[in-house]
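**Q**
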Amino acid sequence: MAPARMRSVAVRSAPLVTLTILAVWTALDVSAISEPRLFQAFIAFLAVGTIALALANVPGWGWAQPSGLVSLGLSYYGAHVIVLGIDVIAALSFLTLLFVHVEVRASSERFAPVYARPLRPAERKVVDAAMGRAAVRIGFASALGLLVPILAANLALTGVVPARTIPTAVLLAGALVVVVALLALLPIIERRAL
Amino acid sequence: MRTSLASGLATTSLVFLVAAMALRSWQVVLLALPPVIILAVGALFPPPVPRLVAVRSLSRERAQAGMPVEIELAIHNDGPSLDLVEVLDVVPRELAVIGGTNHTIASLDSSGDLRLRYVVRPTIKGDFRIGPVRVRSLDPLGLGAEDASLPVESRVVIAPPMEDLRRARLAPRRTRPWFGQVPSRQIGIGTDFWGVRDYLPGDEVRRINWKAFARLDRLFSNEYEGERSGDVVIVLDARREAFVGTETDNPIEHGVRAALGIAENVLASQNRVGLIVQRDVLDWVPPAFGRKQLYRILDHLVHVRPGGDWPFAHIAWVLQRFFPRDTLVVLISPLSDRTALSAVMGLAASGYDVAIISPSPLAIEWRLGKQATEHDTALRILRMERETLISELRRVAQVVDWDPITPLALPLRRAERWLPPA
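Residue numbers (the working numbering), protein chains in the order written: chain A, 200 to 393; chain B, 1291 to 1712.
1. Could you tell me whether the stretch 1549–1565 of chain B touches the stretch 1681–1690 of chain B, where touching means 3 or more Cβ pairs closer than 8 Å?
2. Below 6 Å CB to CB, which residues in the same chain sit around Arg-1419 (chain B) once its five sequence neighbours on both sides are set aside?
3. Bridge partners of Gly-1389 (chain B), per DSSP?
4. Taking only beta-carbon positions, decide if Gly-1597 (chain B) is within less than 8 Å of chain C.
5. Taking only the alpha-carbon atoms, compute the straight-line gap between Val-325 (chain A) and Ala-1438 (chain B) and give it to the nearest angstrom.
6. In terms of residues, what are the limits of the beta strand (DSSP E) holding Arg-1292 (chain B)?
7. Can you have a look at Leu-1637 (chain B) and say buried or exposed, based on whether 16 or more other CB atoms are within 10 angstroms of its CB?
8. So, using beta-carbon positions, are Gly-1389 (chain B) and Pro-317 (chain A) closer together than 8 Å?
9. According to a CB-to-CB cut-off of less than 9 Å, which residues of the stretch 1352–1364 of chain B neighbour chain A?
10. Look at the alpha carbon of Pro-1596 (chain B) and the alpha carbon of Thr-1293 (chain B), and state the distance between them as a whole number of angstroms.
11. Taking Cβ-Cβ distances shorter than 8 Å, what residues in chain B pair up with Leu-237 (chain A)?
12. Would you kindly work out how many angstroms separate the C-alpha atoms of Arg-1424 (chain B) and Asp-1379 (chain B), rounded to a whole number?
13. Mapping the DSSP letters down to three states, classify Asp-1368 (chain B) as helix, strand or coil.
14. I'd like to know whether the C-beta atoms of His-1366 (chain B) and Val-1387 (chain B) end up nearer to each other than 8 Å.
15. Nearest chain B C-beta to Thr-295 (chain A) closer than 8 Å, yes or no?
16. Is it right to say Met-200 (chain A) is buried, meaning 16 or more other beta carbons lie within 10 angstroms of its own, or is it exposed?
17. Would you call the stretch 225–244 of chain A and the stretch 261–279 of chain A touching, i.e. three or more CB-CB distances under 8 Å?
18. Quick one: grab the DSSP three-state call for Tyr-1514 (chain B).
19. If the cut is a Cβ gap below 9 Å, which residues of chain B does Leu-343 (chain A) touch?
20. List, in order along the chain, the chain B residues whose C-beta lies closer than 7 Å to that of Val-287 (chain A)?
21. Assuming Leu-1609 (chain B) contacts Val-1690 (chain B) under a Cβ cut-off of 8 Å, what Cβ separation, rounded to an integer in Å, is found between them?
22. Counting C-beta neighbours from all protein chains within 10 Å, is the total for Pro-1710 (chain B) 16 or more, i.e. buried, or is it exposed?
23. Shortest alpha-carbon distance to Val-1409 (chain B) belongs to which of B:Ala-1310, B:Glu-1362 and B:Arg-1704?
24. Can you tell me which of B:Thr-1678, B:Glu-1537 and B:Val-1634 puts its alpha carbon nearest to the alpha carbon of Leu-1618 (chain B)?
25. Give me whichever residues DSSP pairs with Thr-295 (chain A) in a beta bridge.
26. What residues from the stretch 1428–1457 of chain B come within 8 Å of chain A, judged by C-beta to C-beta, listed N to C?
27. Rounded to whole angstroms, what is the Cα-Cα separation between Phe-238 (chain A) and Ala-334 (chain A)?
28. Can you pull out the residues from the stretch 203–218 of chain A whose beta carbon lies closer than 7 Å to at least one beta carbon of chain B?
29. Counting only beta-carbon separations shorter than 8 Å, does Thr-1663 (chain B) have a partner in chain A?
30. Can you list the alpha helix (DSSP H) stretches of 4 or more residues lying completely in the stretch 1577–1615 of chain B, in chain order?
31. Against Phe-298 (chain A), what residues of chain B qualify as contacts under a CB-to-CB distance less than 8 Å, listed in chain order?
32. Could you give the distance in angstroms between the alpha-carbon of Glu-1517 (chain B) and the alpha-carbon of Ile-1498 (chain B)?
33. Short of 8 Å in beta carbon distance, which residues of its chain neighbour Ala-374 (chain A), apart from the five on each side in sequence? Order them along the chain.
34. Give me the Cα-Cα distance between Leu-1698 (chain B) and Gly-261 (chain A), rounded to the nearest whole angstrom.
35. Where does Thr-1288 (chain B) sit, in a helix, a strand or coil, going by DSSP?
36. Any idea what DSSP makes of Ala-1553 (chain B), helix, strand or coil?
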């Protein structure tokens, strides 16, 4: 039973780890601002965001999560857009980590109560497999979310893709329409196929 | 069903796009991409609607409170494969899961099977329904979910624990013309010697008193005290105001335990037993003999829940109309109001023998409280009030003041010392 209990603790504490990384990262970047007023404003945003996200882990305080995420994002991206300038890779990594935090928290809420119960080895194996599958899916989506924009930027900057021509603009617009249509229609198509 | 996370991602992407246009920054445009990509990955694998079949089996459908019941839930996937499926077998909170789990998350292939084995321990008596099985097919990215409820219900009846009253003597004082085990103070069929009379033709040979014949040279026959049976009606006060304490430790639960023990004891000594329960409805079982009657009484006691605001006097009305006057009325009540006094006096005046078993609400409350010094004074006052009521009741009835932490047999044995002889 002890490993299951430890696993439950680990699953519960995973969102706190990602939150700590995000908060420290933002704090380090914000501390580079030399102007006191802006520094104070962004530090206040950061504090509000971190407190709200920490509170969101307490049962009954889940509603604090969206405002916490918005405050944390505002303090990081606000500081970079207004004062520090945007480093594309760092900004994308931060955004991906923010999504990973949300996904990890959702998974933690699902799996932690299951691990908290006394599971037989066979049952634990089934739950482990399901958690592994979820982790792989989250990792895959996060990796794509990070790598695809970097690749796109790289291709645009190196001139492989002619970024300022009418055909490129039309193609991009067409791709956007296809993605939106897919997003809207896929669940319906899937249901009809059943 | 889309979750708020999907809307959040779409909003984030839109905010970055608008910001990029406002700032004319290609870097900010790139930030709009990750949320869209995550949405696209989620949309490629939407959670299908779960189509599952569940079968539940129980190790026993009738058990006693505190006795573990093993439950096995077998689930078969008749639909498409499910990436992540959360299964919860809904169990009433009175059944504590002590082993295994009734809640899991798994990946389930098409035509795949999943088994949940768990053990529940019922904390109190009752008629419980297990189920339905709630199923949620989840998207691993948390962008969507599909819910289903499998209407698989099982019933488990939990009987209250029984007080061991084998050594207690509980018998009606007045008998009825049926053979039983209660001395009737009349000549009849029995085992206790009553007297000797002249032999009459037709007397059984084994009844001849040979010693008297040897001494007086005349035939005499022994006579015995007839053993008959009587009627007992158990009246259980389960009104809302009788409830003090917790779900497992309250006068009504202890009263149920006592009622079952008394019914078993009285039926075993070949008397008729009836039951009246004063709860939401006035529930009664007419007097009868035998093992079947015990099960009838048990079935009614299983469903006892605190409720109803009947006046105490209503019981007297029901008894006087539906039960004969030579019945022993065993009233099980915490005596939380003084109206009990007038009702019991009314019953005694009508000719009923009344015995009262009173699970002490003060003892229950005292154990649950902080037991501070100032509470001690309050307890003494309340105890004095209760003792006054009990001593008034003792003028017309036999009263047993019972602290439910002790077995009922103990106060009953003590009470026998002052009980008038049958």
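Think of the CB as a built atom: it goes at the ideal place given N, C-alpha and C, for glycine as much as any other residue.
**A** Answer, in terms of the structure:
1. no
2. Glu-1443 and Arg-1445
3. B:Val-1409
4. The displayed structure is made up of protein chains A and B, and chain C is not among them.
5. 21 Å
6. First-last for Arg-1292 (chain B): undefined, no H or E at that position.
7. buried
8. yes
9. none
10. 42 Å
11. What Leu-237 (chain A) touches in chain B: nothing, since even the nearest Cβ is about 17 Å away.
12. 6 Å
13. coil
14. no
15. yes
16. Confidence at Met-200 (chain A) is low in this model, with a pLDDT of 48, below 50, so its placement is unreliable and no value can be given for it.
17. yes
18. strand
19. Pro-1324, Ile-1327, Ile-1328, Ala-1330 and Val-1331
20. Gln-1317 and Leu-1320
21. That belief does not hold up - the Cβ atoms of Leu-1609 (chain B) and Val-1690 (chain B) are roughly 20 Å apart, past 8 Å.
22. In this predicted model, Pro-1710 (chain B) has a pLDDT of only 46, less than 50, meaning its place in the structure is not dependable; the value taken from the coordinates is given anyway. By the 10 Å Cβ count, Pro-1710 (chain B) comes out exposed.
23. B:Glu-1362
24. B:Val-1634
25. Partner(s): none; Thr-295 (chain A) has no beta bridge.
26. Leu-1428, Pro-1430, Leu-1431, Gly-1432 and Gly-1434
27. 37 Å
28. none
29. no
30. 1580–1592 and 1603–1612
31. Leu-1299, Pro-1324, Pro-1325 and Ile-1328
32. 20 Å
33. none
34. 50 Å
35. The displayed coordinates of chain B run from 1291 to 1712. Any statement about residue 1288 (chain B) would go beyond what the structure contains.
36. helix
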